[in-house]
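Below is one structure; the comments refer to it alone.
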DNA sequence: CGCGTACCGTAACACCGTTGCGTTACGCTG
DNA sequence: CAGCGTAACGCAACGGTGTTACGGTACGCG
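Residue numbers (the working numbering), protein chains in the order written: chain A, 3 to 198; chain B, 3 to 198.
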């Protein structure tokens, strides 16, 4: 007997899509529920019935960002050489961040005030790193890397890649420092430091 | 003939101080000009006559953050061994970030919407890295590091340290992983990758 | 003493996220 | 076929934000 719902899955996707565009075009500040609703031809209520709140909508973008990230990392072909594989993964990581810089900002910096990823989103984020974890464990098992705790190499590699990419994206690097030029070299040097 | 000004240097410092406390206590979202003015016993106009706008006030916090950062990095004693010095600088970097996590967020993530550091602030930020640049150049000159472009080692070291610290502060690292435990080891491995 | 003037607090503006309320629009029932 | 019950939804209000225009204020000089 109720009136049929128009706040459906299609609208949910449309809102997510438009929200991503608004953020990508003018930054996180430009994401307003009123503007978003108007763009999608609906009302602000839609966001609340479909997502719960603005932070919850951003959480959905966070999940979407990690999904795209995971796709790219999983698509990296392995060579069997752990150092070369770490470099490849790092290159894919940077490419992914540059493809969606504002999604990257949502994922790794707190660019939307008040947003904290929920538990499920955190698990997903964690799972995205599986290719990295796998490569490091294989490198240790094969005797290529020193016999240290895998986490040490995993976090060190992740930290370097994340640090370089986020310095680059946030514009904190002095202009004469080009990440592109030294990126692969830095990744290789870092991985080499763990060789047996 | 005018009435004597109460929006003076003392009030400027008081506002900066209170703004830092508000941000440190409840995050960047909690920094409201009305609350800040009330806390300081003045009106919102003070912020506009002393700083220009809210982003300009945040810019002053940005500068203050880099000043403290520079103090700590400059206080690091050198051993003459480039690898050991890079580790020491990294430890000081992390300590500085942990001492003022919300200032760190202002400095390196875009945690306050609408804020972009101005040119002078950018120069100051750059100058903060001098101890790092110096250590790397000496390490290359002494023949300890390979004869690569200094920028490669500088950016790689900075990237690793920044990446680890910001992953740690943003809570993106898996809970079972302790940065403290593997931090120095990772820095040493990274620096070692550049040895001749 | 009072005038001139720079200063500064108040209040308005436009916008934000969020929420309660009243309307709407359907499908089942009589 | 008419009407009712009910879930869904848009509108408008609420308390907040940064910012700005304005008008009262309080001093030093003539």
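Positions of the beta carbon are idealized from the N, C-alpha and C atoms, including for glycine.
This one's a predicted model, so the numbers in the text were calculated from it and none came from an experiment.
Close-in-space but distant-in-sequence residues of the same chain around residue i (CB under 7 Å, 5 per side omitted)
| i | result |
| --- | --- |
| residue 142 of chain B | 149 and 152 |
| residue 164 of chain A | 110 |
| residue 156 of chain B | 134, 135 and 138 |
| residue 10 of chain A | none |
| residue 126 of chain A | 65 and 68 |
| residue 128 of chain B | none |
| residue 91 of chain A | 75, 78, 133, 134 and 137 |
| residue 21 of chain B | 33, 38, 59 and 63 |
| residue 190 of chain A | 85 and 89 |
Residue range of the alpha helix (DSSP H) that includes residue i
| i | result |
| --- | --- |
| residue 128 of chain B | 121-130 |
| residue 68 of chain B | 56-76 |
| residue 110 of chain A | 103-110 |
| residue 26 of chain B | 11-28 |
| residue 161 of chain B | 152-172 |
| residue 41 of chain A | 35-41 |
| residue 182 of chain B | 181-194 |
| residue 51 of chain A | 46-52 |
Residues near residue i by beta carbon distance below 6 Å, same chain, minus five either side
| i | result |
| --- | --- |
| residue 30 of chain A | 113 and 114 |
| residue 94 of chain A | 74, 75 and 78 |
| residue 186 of chain A | 89 |
| residue 24 of chain A | 32 and 33 |
| residue 80 of chain A | 87 |
Exposure label - residue i; buried when at least 16 CB within 10 Å
| i | result |
| --- | --- |
| residue 56 of chain B | buried |
| residue 87 of chain A | buried |
| residue 120 of chain B | exposed |
| residue 130 of chain B | buried |
| residue 15 of chain A | exposed |
| residue 159 of chain B | buried |
| residue 188 of chain A | buried |
| residue 96 of chain A | buried |
| residue 54 of chain A | exposed |
| residue 173 of chain B | exposed |
| residue 27 of chain A | exposed |
| residue 170 of chain B | buried |
| residue 40 of chain A | exposed |
| residue 182 of chain A | exposed |
| residue 168 of chain B | buried |
Own chain, CB closer than 8 Å to residue i, minus 5 neighbours either side, in chain order
| i | result |
| --- | --- |
| residue 70 of chain B | 98, 101, 102 and 105 |
| residue 13 of chain A | 42, 44, 48 and 52 |
| residue 123 of chain A | 61, 64, 65 and 68 |
| residue 146 of chain A | 83, 84, 85, 197 and 198 |
| residue 108 of chain A | 25, 30, 60, 63, 64, 67, 114 and 117 |
| residue 18 of chain B | 59, 62, 63 and 66 |
| residue 144 of chain B | 84 |
Alpha helix (DSSP H) runs wholly inside the stretch 78-102 of chain B, at least 4 long, in chain order: 84-101
Output, in sequence order along the chain, the residues in the stretch 26-54 of chain B whose CB is closer than 7 Å to any CB in chain A. 30 and 31
Chain A contacts from the stretch 97-123 of chain B (Cβ-Cβ distance under 9 Å): 107, 109, 110, 111, 112, 113, 114, 115, 116, 118 and 119
Short-range partners of chain A found in the stretch 52-79 of chain B, where Cβ spacing is below 8 Å: none
Using a beta-carbon distance cut-off of less than 8 Å, what residues from the stretch 183-198 of chain A approach chain B? 183, 184, 187, 188, 190, 191, 192, 193, 194, 195 and 196
Give the residues from the stretch 131-158 of chain B that approach chain A closer than 9 Å (Cβ to any Cβ), ordered along the chain. 131, 148, 150, 151, 153, 154, 155, 156, 157 and 158
Give, in chain order, every residue of the stretch 80-97 of chain A whose Cβ lies closer than 8 Å to some Cβ of chain B. none
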